[in-house]
Amino acid sequence: MTGLDRQPTTGPDRRRARRWLAAAGTAGVLLLGACGSPQTTAPQPGADVAGTLAPRSSTVAAAPSSSAPASPTPAVDPPSSVSSAEPAPDTTPPADTPAADPAPVGDTAAPVPPTAPAPEAVAPLPESPPVSLSVPAIGVTSALLDLGLNDDGTVEVPPLDEPESKAGWYRNSPDPGSLGPSIILGHVDSKKYGPGVFYELGALKPGDTIEVTRQDNTVAVFTIDAVRSYPKSDFPTLDVYGNLDHAGIRLITCGGEFDPAASSYESNIIAFGTLTSSRPA
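Each residue of the sequence shown is one higher than the last, beginning at 1303 in our numbering.
Written out as C-alpha cells, the structure reads:
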C-alpha cells in the first residue's frame, strides 16, 4: 500500500494527488541555486522562532543524481520542459505534515522553545490555479508566475535579474488550497537589483499567514507552522513533496552563507503552512 492509498479522498482530488506524487518522484529536489550576490542582512530563521531549527536533517536522504532515469515516465502529461537538481528518493512519502519541533542537530544546536500549536486544517478546496500571493507579515505581494521543469531536469525558478522580483508556483504541484503540498518559489536577492521577493522569508514565524488568490476568485489562507533552513546538500525531499491528508503550502528561497565560487547560497529557507480558512476574493 502506498501513501497515496492512505489518502482519505476519492474522485478528482485523489487522482490529482496521485499525479502530483508521480511528478514529485521525477521532479526531485527544489533548489534555488542562482540567487545572485550575498545580502548578509537577510533574515535567517533562528532558535528564537518556535518550530524553527537551522539546519534540520531530512528523514530520508536524497538519492544521488546518477540514479535519475534517463527518460522519466511520470503519470502526468509531460510539461513543455523537464527538470530537477536531485531526484527524489523512490520511497513512500509520509502522510503526516512536517514535524514542528525536530530534535536539535548535534550538541551545539541552540535550544528551541516550545512550538506553537499546530494550525487546525480545514477541508481542501476544489482545484483552481493561483493568481497572486500575499504574505502580510513581511509585506510581500506578488503576481505568481507559472513554473515548470527545465530541459536538464531541474525545476524552473523565476527570472533572476528583473526589476520586479516575483514569486512563482510550480505547476506540477497541487493548486494552492487543494489537497497536498503546493510549492511556491522566489529569490532572496539579485546582484543587479538587491533584495528579492522572499528576502525576508526567514523572518516569518509560526502563526503568520500566507494568502493565495486563485482563478476561481477565492483566497486560500494558510497559517505557517514552521520555518526552517536546510543545507542544499540535505534538502528535505519528503518534508517538501510528501503526501498530505490536507492542503499545505511550501514557500522556498535561498539562505545561509553565500559561496562566491559557486555564485550560490549554501542553504534553502522553507516556510511550511497549512490551509486554515478561505474567503471570496
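The beta-carbon is built from N, C-alpha and C at its ideal position, and this holds for glycine as well.
Is DSSP giving residue i helix, strand or coil here?
| i | result |
| --- | --- |
| P1582 | strand |
| V1433 | strand |
| E1568 | strand |
| L1540 | helix |
| L1503 | helix |
| P1497 | strand |
| P1438 | helix |
| D1409 | Because the pLDDT of D1409 is 40, which lies under 50, any placement of that residue in the model is unreliable, and the question is left without a value. |
| A1573 | strand |
| A1372 | Caution is warranted here: a pLDDT of 29 is assigned to A1372, below 50, making its placement in the model unreliable, and the coordinate value is therefore given only provisionally. In the structure shown, A1372 sits in coil (DSSP, three-state: anything other than H, G, I, E or B). |
| S1386 | The pLDDT assigned to S1386 is 34, lower than 50, so where the model puts this residue is not dependable, and the model offers no usable value. |
| T1394 | No answer about T1394 holds up, because its pLDDT of 40 lies below 50 and its placement is not dependable. |
List the endpoints of the continuous beta strand (DSSP E) containing residue i.
| i | result |
| --- | --- |
| I1512 | T1511 to R1516 |
| A1420 | Counting along the chain, A1420 falls outside any beta strand (DSSP E), and DSSP gives it neither H nor E. |
| A1563 | Careful: A1563 lies outside any beta strand (DSSP E) and carries neither H nor E. |
| A1522 | T1520 to P1533 |
Which partner residues does residue i have in the DSSP bridge list?
| i | result |
| --- | --- |
| A1549 | G1482 |
| L1427 | Answer is none; L1427 lacks a bridge partner. |
| G1557 | S1569 |
Throw me the rounded Cβ distance for the residue i and residue j pair, which I believe falls under 8 angstroms.
| i | j | result |
| --- | --- | --- |
| G1558 | S1565 | At roughly 14 angstroms, the Cβ-Cβ gap does not stay under 8 angstroms, so G1558 and S1565 are not in contact. |
| L1449 | G1470 | 4 angstroms |
| L1553 | V1424 | Contact flag wrong, Cβ pair sits at about 19 angstroms. |
| P1460 | H1489 | 6 angstroms |
| G1514 | P1432 | It is Val, not Gly, that sits at residue 1514 in the sequence shown. With 8 angstroms as the limit, V1514 and P1432 qualify as a contact, their Cβ atoms being about 5 angstroms apart. |
| Y1265 | F1574 | Outside the shown range of the chain (1303 to 1583) lies residue 1265, about which nothing can therefore be said. |
| F1524 | I1486 | Going by Cβ atoms, the distance from F1524 to I1486 rounds to 10 angstroms, so no, they are not a contact pair. |
Does the beta carbon of residue i come closer than 8 angstroms to any beta carbon on chain C?
| i | result |
| --- | --- |
| A1522 | Absent here is chain C; the protein component of the structure consists of one chain. |
(request) Can you check the stretch 1442-1493 for any alpha helix (DSSP H) of at least 4 residues that lies completely inside it and give the ranges in chain order? (result) Within the stretch 1442-1493, not a single complete alpha helix (DSSP H) segment reaches 4 residues in length.
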